[in-house]
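Please read the structure below before turning to the comments.
Residue numbers (my numbering): 29 to 271.
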């Protein structure tokens, strides 16, 4: 069996409320073997677990508090320790179902975190979730917008071992520090697609084709290498997929 593993998708997002079944079916038709689905806040946790039960062995859940909180029509804001405290009981409740902790990390975009106090509180929220991942022996699915170096430095300082950095926007030299630490990086379809196009799992082939083009490899080779990387990063995948 060969195919893709989408290591970072947002199936509990409002964008998918009306057609999630079609989205799942389209992803299967594209050749996806599993969807690693992340949450952004406690309000999405139950929905994500519900989807993982409905599509058992295909939708694999990650729970965590994203550094950016607030969904429309709410104004987006920087995460707080209170957000994390509200999420902890559900993370504890569903810990045995989780593939990873995520989506967690740092976001120092000025409109989100304009003060040092906000940045420092994000770091505290992130550190606590790194510790949770270590306690449960789970990987981390990490966001790092406008905070590439602080994110990688904090992960290294806290002794994080199994890390996926999603849509990393830092400098190549900073990314290489993560590579040297053994961290993995995922490439979203938005690297070449308009942000106005809905980002859904079936578009993972866009990322694969782009990587193949840049590296001068076949799409099949990229598919095989990235899927093997997913197995290394997320050991629990082996319970559900045989390739």
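Note that CB positions come from ideal geometry on N, CA and C, so glycine has one too. Nothing here was measured: the structure is a model prediction, and the numbers come from that model.
| Item | Value |
| --- | --- |
| Which of helix, strand or coil DSSP assigns to residue 132 | strand |
| CB of residue 49 within 7 Å of CB of residue 95, strictly | no |
| Touching by the beta-carbon criterion (3+ pairs, under 8 Å), the segment 183-199 and the segment 235-244 | no |
| Beta-bridge partners of residue 212, as assigned by DSSP | 192 |
| Secondary structure of residue 32, DSSP reduced to three states | strand |
| Nearest-angstrom Cα separation, counted from residue 250 out to residue 126 | 26 Å |
| Completely contained beta strand (DSSP E) runs for the segment 119-192, where each covers 3 or more residues | 128-133, 168-171 |
| Residue 65 - containing beta strand (DSSP E), residue span | 60-66 |
| Beta-bridge partners of residue 96, as assigned by DSSP | 106 |
| Residue burial classification, residue 80 (beta-carbon count within 10 angstroms, cutoff 16) | buried |
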